[in-house]
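**Student:**
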Amino acid sequence: DIRYPLMARMAGATHVIEPIAQLVYRDGPTNTGIVNNDAQSTALDTSNIFSFNRFSGADRQETGLRANVGVAMQTSFDNGAWIAASVGQSHQLAGVNAFGVTDGSTAGIGAGLDTPSSYVVASLEGAMNSALSGGLRVQYDPATGTIPSTNMRATASHEGYSLTGTYAWADANPALGVT
(Lines of atoms letter the chains of each structure in order from A and count residues from 1; the text may use other names and numbers.)
(Lines give C-alpha, C1' and ligand atoms only; values in the text may rest on other atoms or scores of the structure.)
Protein backbone atom coordinates (compact mmCIF):
# COMPACT_ATOMS: atom_id res chain seq x y z
CA ASP A 1 0.00 0.00 0.00
CA ILE A 2 1.71 3.18 -1.17
CA ARG A 3 0.19 6.55 -0.37
CA TYR A 4 1.91 9.88 -0.87
CA PRO A 5 -0.14 12.69 0.68
CA LEU A 6 0.73 16.19 -0.46
CA MET A 7 -0.49 19.10 1.66
CA ALA A 8 -0.80 22.75 0.73
CA ARG A 9 -1.93 25.61 2.93
CA MET A 10 -3.44 28.60 1.19
CA ALA A 11 -5.32 31.61 2.47
CA GLY A 12 -8.56 30.26 3.93
CA ALA A 13 -8.05 26.56 3.14
CA THR A 14 -5.86 23.50 3.57
CA HIS A 15 -5.65 21.01 0.70
CA VAL A 16 -4.49 17.39 0.83
CA ILE A 17 -4.01 15.39 -2.37
CA GLU A 18 -3.12 11.72 -1.95
CA PRO A 19 -2.16 9.44 -4.85
CA ILE A 20 -2.70 5.80 -3.83
CA ALA A 21 -1.39 2.54 -5.31
CA GLN A 22 -2.03 -0.84 -3.75
CA LEU A 23 -1.10 -4.41 -4.67
CA VAL A 24 -3.13 -7.20 -3.08
CA TYR A 25 -2.37 -10.90 -3.54
CA ARG A 26 -4.31 -13.78 -2.06
CA ASP A 27 -3.98 -17.40 -3.12
CA GLY A 28 -6.38 -20.22 -2.44
CA PRO A 29 -9.92 -21.16 -3.30
CA THR A 30 -12.39 -18.50 -4.33
CA ASN A 31 -14.81 -19.77 -1.69
CA THR A 32 -14.64 -22.13 1.29
CA GLY A 33 -17.16 -24.64 -0.02
CA ILE A 34 -20.23 -22.86 1.33
CA VAL A 35 -22.03 -21.35 -1.63
CA ASN A 36 -22.44 -17.77 -0.48
CA ASN A 37 -24.02 -18.27 2.88
CA ASP A 38 -23.33 -14.63 3.73
CA ALA A 39 -21.44 -12.97 0.85
CA GLN A 40 -24.30 -12.29 -1.55
CA SER A 41 -23.60 -8.71 -2.48
CA THR A 42 -20.67 -6.66 -3.58
CA ALA A 43 -20.84 -2.98 -4.43
CA LEU A 44 -17.71 -1.25 -5.67
CA ASP A 45 -17.41 2.43 -4.80
CA THR A 46 -14.86 4.82 -3.35
CA SER A 47 -15.54 3.61 0.19
CA ASN A 48 -14.03 0.18 -0.57
CA ILE A 49 -11.83 0.62 -3.65
CA PHE A 50 -8.77 0.17 -1.39
CA SER A 51 -10.17 -2.66 0.74
CA PHE A 52 -8.31 -5.96 0.86
CA ASN A 53 -11.52 -7.99 0.49
CA ARG A 54 -14.70 -6.51 -0.93
CA PHE A 55 -16.96 -9.53 -0.43
CA SER A 56 -19.54 -8.67 2.21
CA GLY A 57 -19.39 -11.97 4.09
CA ALA A 58 -16.81 -14.34 5.50
CA ASP A 59 -17.29 -17.29 3.16
CA ARG A 60 -15.67 -15.73 0.06
CA GLN A 61 -12.50 -13.82 -0.55
CA GLU A 62 -10.82 -12.09 -3.44
CA THR A 63 -8.09 -14.15 -5.08
CA GLY A 64 -5.20 -13.55 -7.43
CA LEU A 65 -3.08 -10.43 -7.81
CA ARG A 66 -4.99 -7.16 -7.97
CA ALA A 67 -3.77 -3.56 -8.33
CA ASN A 68 -5.94 -0.75 -6.96
CA VAL A 69 -4.99 2.75 -8.07
CA GLY A 70 -6.52 6.15 -7.48
CA VAL A 71 -6.32 9.55 -5.88
CA ALA A 72 -8.09 11.21 -2.96
CA MET A 73 -8.39 14.94 -2.32
CA GLN A 74 -9.73 16.87 0.62
CA THR A 75 -10.00 20.60 1.22
CA SER A 76 -10.83 22.01 4.65
CA PHE A 77 -11.87 25.64 4.74
CA ASP A 78 -11.21 27.87 7.73
CA ASN A 79 -14.94 28.54 8.12
CA GLY A 80 -15.63 24.81 8.78
CA ALA A 81 -16.74 23.89 5.28
CA TRP A 82 -15.04 21.01 3.51
CA ILE A 83 -15.02 19.14 0.22
CA ALA A 84 -13.63 15.68 -0.54
CA ALA A 85 -13.25 13.87 -3.84
CA SER A 86 -11.79 10.55 -4.85
CA VAL A 87 -11.47 8.40 -7.94
CA GLY A 88 -10.08 4.91 -8.41
CA GLN A 89 -10.03 1.70 -10.40
CA SER A 90 -9.06 -1.90 -9.66
CA HIS A 91 -7.18 -4.20 -12.07
CA GLN A 92 -6.88 -8.01 -11.88
CA LEU A 93 -3.26 -8.67 -12.88
CA ALA A 94 -2.85 -12.43 -12.38
CA GLY A 95 -4.49 -15.50 -10.90
CA VAL A 96 -8.14 -16.47 -10.61
CA ASN A 97 -10.55 -13.55 -10.23
CA ALA A 98 -13.02 -14.70 -7.56
CA PHE A 99 -15.57 -12.17 -8.79
CA GLY A 100 -15.61 -13.86 -12.21
CA VAL A 101 -16.17 -17.41 -10.85
CA THR A 102 -19.64 -18.81 -11.48
CA ASP A 103 -20.77 -20.80 -8.46
CA GLY A 104 -24.55 -20.63 -8.63
CA SER A 105 -24.72 -17.29 -6.86
CA THR A 106 -24.77 -13.70 -8.06
CA ALA A 107 -21.90 -12.41 -5.90
CA GLY A 108 -19.64 -10.28 -8.07
CA ILE A 109 -22.02 -10.03 -11.02
CA GLY A 110 -22.59 -6.39 -11.87
CA ALA A 111 -20.05 -5.19 -9.31
CA GLY A 112 -17.59 -4.18 -12.00
CA LEU A 113 -14.92 -6.43 -10.47
CA ASP A 114 -15.69 -9.51 -12.59
CA THR A 115 -13.65 -8.12 -15.52
CA PRO A 116 -9.87 -7.55 -15.76
CA SER A 117 -10.32 -3.79 -15.16
CA SER A 118 -13.11 -2.66 -12.87
CA TYR A 119 -15.46 0.23 -13.22
CA VAL A 120 -13.94 3.60 -12.47
CA VAL A 121 -15.50 4.79 -9.22
CA ALA A 122 -15.66 8.42 -8.14
CA SER A 123 -17.18 10.45 -5.35
CA LEU A 124 -17.61 14.08 -4.42
CA GLU A 125 -18.81 15.00 -0.95
CA GLY A 126 -18.85 18.14 1.11
CA ALA A 127 -20.44 20.37 3.69
CA MET A 128 -21.05 24.10 3.60
CA ASN A 129 -21.38 24.17 7.39
CA SER A 130 -22.69 21.93 10.16
CA ALA A 131 -26.21 22.33 8.79
CA LEU A 132 -25.81 21.45 5.08
CA SER A 133 -23.95 18.51 3.56
CA GLY A 134 -24.22 16.22 0.57
CA GLY A 135 -22.48 13.91 -1.80
CA LEU A 136 -22.45 12.07 -5.10
CA ARG A 137 -21.01 8.63 -5.94
CA VAL A 138 -20.71 7.28 -9.47
CA GLN A 139 -19.59 4.08 -11.20
CA TYR A 140 -18.37 4.46 -14.79
CA ASP A 141 -17.78 1.49 -17.10
CA PRO A 142 -14.92 2.45 -19.44
CA ALA A 143 -15.53 -0.65 -21.61
CA THR A 144 -19.05 0.46 -22.59
CA GLY A 145 -18.98 4.17 -21.77
CA THR A 146 -22.03 3.78 -19.52
CA ILE A 147 -22.81 4.64 -15.91
CA PRO A 148 -23.95 1.41 -14.14
CA SER A 149 -24.97 3.18 -10.94
CA THR A 150 -24.98 6.47 -9.13
CA ASN A 151 -26.37 7.88 -5.94
CA MET A 152 -26.76 11.33 -4.47
CA ARG A 153 -27.65 12.49 -1.00
CA ALA A 154 -28.25 15.79 0.77
CA THR A 155 -28.72 16.49 4.46
CA ALA A 156 -29.98 19.59 6.27
CA SER A 157 -29.74 19.80 10.08
CA HIS A 158 -31.05 22.32 12.55
CA GLU A 159 -31.35 22.24 16.35
CA GLY A 160 -31.11 18.46 16.69
CA TYR A 161 -33.34 17.65 13.72
CA SER A 162 -32.17 16.55 10.31
CA LEU A 163 -33.72 15.88 6.95
CA THR A 164 -31.93 13.66 4.46
CA GLY A 165 -32.81 12.94 0.86
CA THR A 166 -31.21 10.19 -1.22
CA TYR A 167 -31.52 9.35 -4.90
CA ALA A 168 -30.09 6.05 -6.17
CA TRP A 169 -30.06 4.83 -9.76
CA ALA A 170 -28.92 1.49 -11.20
CA ASP A 171 -28.69 0.54 -14.85
CA ALA A 172 -30.47 -2.59 -16.09
CA ASN A 173 -28.57 -5.79 -15.30
CA PRO A 174 -30.43 -8.86 -16.61
CA ALA A 175 -27.90 -11.25 -14.98
CA LEU A 176 -29.10 -9.96 -11.60
CA GLY A 177 -32.76 -9.69 -12.60
CA VAL A 178 -32.65 -5.88 -12.62
CA THR A 179 -34.69 -4.65 -15.57
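Using this note's numbering, you'd call the opening residue of the sequence shown number 191 and step up by one each time.
All C-beta atoms, glycine included, are put in the ideal place defined by N, C-alpha and C.
Taking only three categories from DSSP, how would you classify A201?
**Tutor:** A201: coil per DSSP, three-state reduction.
**Student:** Sorted by chain position, which residues of the same chain lie with C-beta nearer than 6 Å to S276's C-beta, five sequence neighbours on each side aside?
**Tutor:** Once the five neighbours on either side are set aside, the close Cβ partners of S276 are T236, A262 and S313.
**Student:** The beta strand (DSSP E) with P338 in it runs from where to where?
**Tutor:** Looking at the DSSP string, the run of the beta strand (DSSP E) that includes P338 is T336 to H348.
**Student:** Along the chain, where does the beta strand (DSSP E) containing D331 start, and where does it finish?
**Tutor:** From DSSP, the beta strand (DSSP E) with D331 extends over L322 to D331.
**Student:** State yes or no: is the C-beta of S280 within less than 8 Å of the C-beta of L303?
**Tutor:** Cβ distance < 8 Å, so S280 and L303 count as in contact.
**Student:** Measure from the alpha carbon of A257 to the alpha carbon of each residue in S347, I210 and D331, then state which is nearest.
**Tutor:** If we check each option's Cα against that of A257, I210 comes out closest.
**Student:** To the nearest whole angstrom, what separates the beta carbons of T253 and H205, a pair I think is in contact under 8 Å?
**Tutor:** At roughly 38 Å, the Cβ-Cβ gap does not stay under 8 Å, so T253 and H205 are not in contact.
**Student:** To the nearest angstrom, report how far apart Q212 and T305 are at their CA atoms.
**Tutor:** For Q212 and T305, the distance between alpha carbons rounds to 18 Å.
**Student:** Could you have a look at G302 and say whether DSSP puts it in helix, strand or coil?
**Tutor:** Note: G302 maps to coil in three-state DSSP.
**Student:** Please work out which residues of its chain come closer than 8 Å, Cβ to Cβ, to H348, disregarding the five sequence neighbours upstream and downstream, and give them in chain order.
**Tutor:** Excluding positions up to five away in sequence, the list reads A321.
**Student:** When you compare the segment 335–343 with the segment 356–365, are there three or more beta-carbon pairs, one atom per stretch, that lie closer than 8 Å?
**Tutor:** Taking 8 Å as the limit for Cβ pairs, the verdict is that the segment 356–365 does touch the segment 335–343.
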